[in-house]
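Participant: Protein chains in written order, with our numbering: chain A, 1 to 204; chain B, 1001 to 1204. Even for Gly, the Cβ is constructed at its ideal location relative to N, Cα and C.
Number of protein chains: 2
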Amino acid sequence: MKIAIVIFDKFTDVDLWLMWDLLNRVRVPDWSVKILGEKDSHVSATGIPVATHARLEEANGADAVLFVSGQGTRDRIADENWLGKFRLDSEKQLIGSICSGSLILAKLGLLEGKTATTYPTSKAVLESFNVKVIEKPFIAHGKVATAGGCLAQQYLVGWVIENLADAEWKNLILKSIQPVGEGLFFADAQNLTKLYAPLKAKTV
Amino acid sequence: MKIAIVIFDKFTDVDLWLMWDLLNRVRVPDWSVKILGEKDSHVSATGIPVATHARLEEANGADAVLFVSGQGTRDRIADENWLGKFRLDSEKQLIGSICSGSLILAKLGLLEGKTATTYPTSKAVLESFNVKVIEKPFIAHGKVATAGGCLAQQYLVGWVIENLADAEWKNLILKSIQPVGEGLFFADAQNLTKLYAPLKAKTV
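Dropping the structure here:
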């Protein structure tokens, strides 16, 4: 399974890394997670440079494509050249966004006439694309999903893992990041070791 | 206020980036957050290289020092040279850890005879340092605190922000990452813009 996370300059740091870390806890054969961008590296909202593993076009052959968020989304939705790199297929690929990444999904025509969610500060812009914006953490229509609020990445990533791996991986991985005593318990220790097994073939 | 986050090779990605992102949302004068390490860059558990802003010794003059987690903590607690760089003062500095970062606090003598929390897979090792390990997400004794489970970074970072900024910043910042409809609401949009105000003087 190939999962692509699309980044760009001025992205929200945690909206990349929470997804990235969770998706990298899956241990099934040929599970690959890559960070894609239009450059060799992109700089986050806090000034952290992040190397990309491949270019945007690789998203078009991925099983799941996830868009991060941040102030940088405003430049992306105005950049027809950037948007034109994508040939996504919502019949075959899981396509999702966190927070203002929904603006990119909308601009790509994936949310037309649908309900969706986003970050509070992006609600008005998303509505301007003829999207009905609902105050929910996660909304999926078939293979297209939007999530709002950084920690709603748990719903988004859970949806991807359940669809491309299974519910057991989803449940274990989401459990593994909960606060101790509030979803994660000392008695889970042995089960958690599954998430840190060495990778057989690292494709990135 | 100077906040230091200490990383090392094989650290858990999200245990750096959630703290980092939240701490960078504070907008008070002279608020500085730096990533410290013993090298120019360290490689995360998933293979991501991260540049450090300064060396370990800078932690000794920080107002708060936070230790990340990951498999790499096992090497750190066996490295007397690395441990010897720290001259922390738990009377003057806030000192905290997420997950297995608690092993470093213990090895530095900061948890002797105290209660603390950690990641489930690190409980036995932490107990071997004469620490009473409790199944809670966050435990503070004066200026020393431990948190267990990645998302318990919210308690740890909230504690730092409340102590070094104020409760208003803490509450707004923790709210800003909640899932939409579950702690964060569209009506919060205007308040959230405070977190994205341009920085006046970036010290990093």
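1. Can you list the residues of chain A that Trp1031 (chain B) reaches, using a CB-CB cut of under 7 Å?
2. Does chain B have any CB closer than 8 Å to the CB of Asp188 (chain A)?
3. Is the CB of Asn24 (chain A) under 8 Å away from at least one CB in chain B?
4. I need the straight-line Cα distance from Asp21 (chain A) to Ile7 (chain A), nearest angstrom please.
5. Closer than 8 Å is the cut-off here; do at least three beta carbon pairs connect the segment 73–90 of chain A with the segment 98–111 of chain A?
6. Are Leu1240 (chain B) and Asn1060 (chain B) closer than 8 Å when you measure CB to CB?
7. Can you list the residues of chain B that Asp13 (chain A) reaches, using a CB-CB cut of under 8 Å?
8. Enumerate in chain order the residues of its own chain whose CB-to-CB distance from Thr12 (chain A) is below 6 Å, with the five nearest sequence positions on each side excluded.
9. For the candidate residues A:Pro120, A:His141, A:Lys136, A:Leu36, whose alpha-carbon lies nearest to that of Val65 (chain A)?
10. Would you say Pro137 (chain A) lies against chain B (beta-carbon separation less than 8 Å)?
11. If Glu162 (chain A) sits next to Lys170 (chain A), beta carbons under 8 Å apart, how far is it from one beta carbon to the other, in whole angstroms?
12. With 16 other CB atoms within 10 Å as the buried threshold, where does Gly1109 (chain B) fall?
13. In whole angstroms, what separates the C-alpha of Ala1201 (chain B) from that of Gln1178 (chain B)?
14. If we call anything under 8 Å between Cβ atoms a contact, is Ser1041 (chain B) one with Met1001 (chain B)?
15. Using DSSP with H/G/I as helix, E/B as strand and the rest coil, what is Val68 (chain A)?
16. In the DSSP assignment, find the alpha helix (DSSP H) that holds Gly37 (chain A) and state where it starts and stops.
17. Mind pulling the beta strand (DSSP E) runs of 3 or more residues that sit fully within the segment 1107–1159 of chain B?
18. For Leu1151 (chain B), tell me which candidate among B:Leu1016, B:Lys1085, B:Asp1009, B:Val1043 has the shortest Cα-Cα distance.
19. Smallest Cα separation from Val1028 (chain B): which of B:Ile1095, B:Ala1124, B:Ala1167, B:Lys1123?
20. Which residue marks the beginning of the beta strand (DSSP E) containing Leu174 (chain A), and which one marks its end?
21. When DSSP labels each residue in this structure, what does Ser41 (chain A) get in the three-state scheme?
22. From which residue to which residue does the beta strand (DSSP E) around Val50 (chain A) run?
23. Against Lys1123 (chain B), what residues of chain A qualify as contacts under a CB-to-CB distance less than 8 Å, listed in chain order?
24. Chain B beta carbons: is any one of them nearer than 8 Å to that of Pro120 (chain A)?
25. Going along chain A in order, which residues have a C-beta closer than 7 Å to the C-beta of Gly1149 (chain B)?
26. Where does Arg76 (chain A) fall in DSSP's three states?
27. When burial is assigned at 16 or more other CB atoms within 10 Å of the CB, is Ala1106 (chain B) buried or exposed?
28. For a contact defined as C-beta to C-beta under 9 Å, what are the partners of Leu1192 (chain B) on chain A?
29. Between the Cα of Pro1120 (chain B) and those of A:His53, A:Val180, A:Lys34, A:Val160, spot the shortest distance and give me the residue it belongs to.
30. Using 8 Å for Cβ pairs, my map puts Ile1095 (chain B) next to Thr1117 (chain B). What's the rounded Cβ distance?
31. Anything in chain B within Cβ reach of Ala152 (chain A), meaning under 7 Å, just list it in chain order.
32. Ile1007 (chain B) by DSSP, collapsed to three states: which one?
33. Given a cut-off of 8 Å on the beta-carbon distance, is the pair Phe1138 (chain B) and Ala1124 (chain B) in contact?
34. Can you tell me which residues form a DSSP beta bridge with Ser1102 (chain B)?
35. Are the CB atoms of Ala1145 (chain B) and Leu1156 (chain B) within a distance shorter than 8 Å?
Facilitator: With the given structure in hand:
1. The contacting residues do not exist; Trp1031 (chain B) stays about 12 Å from chain A at best.
2. yes
3. yes
4. 15 Å
5. yes
6. Because chain B in this structure spans residues 1001 to 1204, residue 1240 (chain B) falls outside the shown range and cannot be described.
7. Trp1017, Trp1020, Asp1021, Asn1024
8. Ala45, Ser69, Gly70
9. A:Leu36
10. yes
11. 4 Å
12. exposed
13. With a pLDDT of only 48 at Ala1201 (chain B), under 50, the local geometry of the prediction cannot be trusted, and no value is derived from it.
14. no
15. coil
16. First-last for Gly37 (chain A): 32–37, but that is the beta strand (DSSP E), not the alpha helix (DSSP H).
17. 1138–1141, 1144–1147
18. B:Leu1016
19. B:Ala1167
20. Looking at the DSSP string, Leu174 (chain A) is not in any beta strand (DSSP E); the run it does join, the alpha helix (DSSP H), is 167–176.
21. strand
22. 49–51
23. Phe186, Ala189
24. yes
25. Ile177, Gln178, Pro179, Val180, Leu184
26. helix
27. buried
28. Tyr119, Pro120, Thr121
29. A:Val180
30. Between Thr1117 (chain B) and Ile1095 (chain B) the Cβ distance is about 15 Å, and since that is not below 8 Å, they are no contact.
31. Pro1179, Val1180
32. coil
33. no
34. In DSSP, Ser1102 (chain B) forms no bridge with anything.
35. yes
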